[in-house]
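Worksheet for the structure shown next.
Next up, the structure:
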């Protein structure tokens, strides 16, 4: 039984790590958004942008180190990688804004619940962007694990 679980973990390690760090990134995002919503009178779109910047930086660091194991080759390659990561996140930020606007302004739904829903959509989109565009050349991905 333990060997089966280990094999499953080894097979889906990247997805499991992405989900774990994605949940933490979502918690960072929602916590900052919620704190700003509860303790300031700032517009929800501004709150979302502030939460987005902080959570994307957190996501880049954790995805690079713990999900896709992308080594730093040079300063320039790291900047390109970070640019691609943030570029993909800008695209999903636009999707966030659209979903927030529809859910909150048009449908008059609870801001926090709409925020949680749109984060689920964004996590899925961001995974595939990161896997197929940002970290696609990572040397450590999809190789058999040594010593396991």
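Numbering (the numbering used here), first residue to last: 255 to 402. Note that CB positions come from ideal geometry on N, CA and C, so glycine has one too.
Inclusion of residue 320 and residue 387 in the CB contact set at 9 angstroms is not warranted, their separation being larger than that value.
Looking at 377, 329 and 255, the one whose alpha-carbon comes closest to that of residue 317 is 377. Three or more Cβ pairs closer than 8 angstroms define a contact, and the region 278 to 289 meets that threshold against the region 353 to 370. Boundaries of the alpha helix (DSSP H) harbouring residue 291: 267 to 293, taken from the DSSP string. In the DSSP annotation of this structure, the continuous segment of the alpha helix (DSSP H) that includes residue 338 starts and ends at 329 to 354. When DSSP states are grouped into helix, strand and coil, residue 255 belongs to the coil group.
Around the Cβ of residue 358, a 10 Å sphere holds 16 or more other Cβ atoms; the residue is buried. Under the three-state reduction of DSSP, residue 363 is assigned to coil, being neither helix nor strand. Residue 391 is positioned such that its CB atom lies no closer than 9 angstroms to that of residue 354. Straight-line measurement puts the Cα of residue 330 at about 45 angstroms from the Cα of residue 361.
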